[in-house]
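First comes the structure, then the notes that go with it.
Residue numbers (our numbering): 190 to 265.
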């Protein structure tokens, strides 16, 4: 792999696909599912889910950026 080349994460590729399709409902559903997953993980006892929750929070940031892009495109 060449230096300086960023490989897109799976969630980035998924969000990019939904944005190109202008599928806001799918992005909303993806965000809702991720939020539910965080709630479920926070309810777990006996295991440390911190790193998993942090990754899911990063996914939500990517999803929300996609939603913001769609929102911005709708206003123009």
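All C-beta atoms in this analysis are idealised placements derived from N, C-alpha and C, irrespective of residue type, glycine included.
(message) At the level of alpha carbons, what is the spacing between residue 142 and residue 195?
(response) The question about residue 142 has no answer here: the residues shown for the chain are numbered 190 through 265.
(request) In the DSSP assignment, find the alpha helix (DSSP H) that holds residue 229 and state where it starts and stops. (result) From DSSP, the alpha helix (DSSP H) with residue 229 extends over 213 to 232.
(message) For the region 210 to 221 against the region 255 to 265, do three or more pairs of beta-carbon atoms, one drawn from each stretch, fall closer than 8 angstroms, so that the two count as touching?
(response) The region 210 to 221 and the region 255 to 265 touch, with no fewer than 3 CB-CB distances between them shorter than 8 angstroms.
(request) Determine, using beta carbons only, whether residue 241 and residue 230 come nearer to each other than 8 angstroms. (result) The answer is yes: Cβ separation under 8 angstroms.
(request) Buried or exposed for residue 192, please, with buried defined as at least 16 other CB atoms from any protein chain shown within 10 angstroms of its CB. (result) That one is exposed.
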